[in-house]
Amino acid sequence: MAAETPDLSDRALSIFAFAAYHHLISGQPIASVVRRDGSGHRADPDGVAEVERRGLATLSDDEITFTPPGVAVVERVVAAIRGAGGR
Numbered sequence: 001m002a003a004e005t006p007d008l009s010d011r012a013l014s015i016f017a018f019a020a021y022h023h024l025i026s027g028q029p030i031a032s033v034v035r036r037d038g039s040g041h042r043a044d045p046d047g048v049a050e051v052e053r054r055g056l057a058t059l060s061d062d063e064i065t066f067t068p069p070g071v072a073v074v075e076r077v078v079a080a081i082r083g084a085g086g087r
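Using full-length UniProt numbering, read the sequence shown as starting at 1 and increasing by one per residue.
This is the structure in structure tokens:
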């Protein structure tokens with residue numbers, strides 16, 4: 001991730017970790033994740049602001065939609081998780 005997204009905060013990385021989780025569970029590429037689920041769960045506001053500011057996602061009230069560079073980050077996070085598992 002270093003070349004295109006240097007120094008992402010842990011709060012921003014949490015957004016990508018959440019997307020990676022959904023990718024791994026579904027087996028499908030993830031282009032967006034829920035920002036607020038209506039049950040009190042929400043993405044970290046500072047992380048959300050950072051991914052938007054860096055051009056990695058666009059935001060609506062309830063959703064984080066990854067831009068093509070953001071989707072690429074999700075894919076790299078998934079690959080890193082798989083690599084950590086010895087795959």
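Backbone N, C-alpha and C fix where the C-beta goes; we use that ideal spot for every residue, glycine too. Note that the coordinates shown come from a computational prediction; the quantities given were computed from them, not determined experimentally.
- Inter-residue distance for R11 and D44 is about 6 Å (C-alpha atoms, whole angstroms).
- Shortest Cα-Cα distance from P29 to any of S14, R35, E75 involves E75.
- The shortest CA-to-CA distance from T67 to any of D61, V73, A57 is the one to A57.
- Inter-residue distance for I81 and Y21 is about 10 Å (C-alpha atoms, whole angstroms).
- Leaving aside the five residues that flank L59 on each side, the residues in its chain whose CB is nearer than 8 Å to its CB run, in chain order, R35, V48, E52, T65.
- Just measuring C-alpha positions, the residue of D7, G70, A84, L13 sitting nearest A31 is G70.
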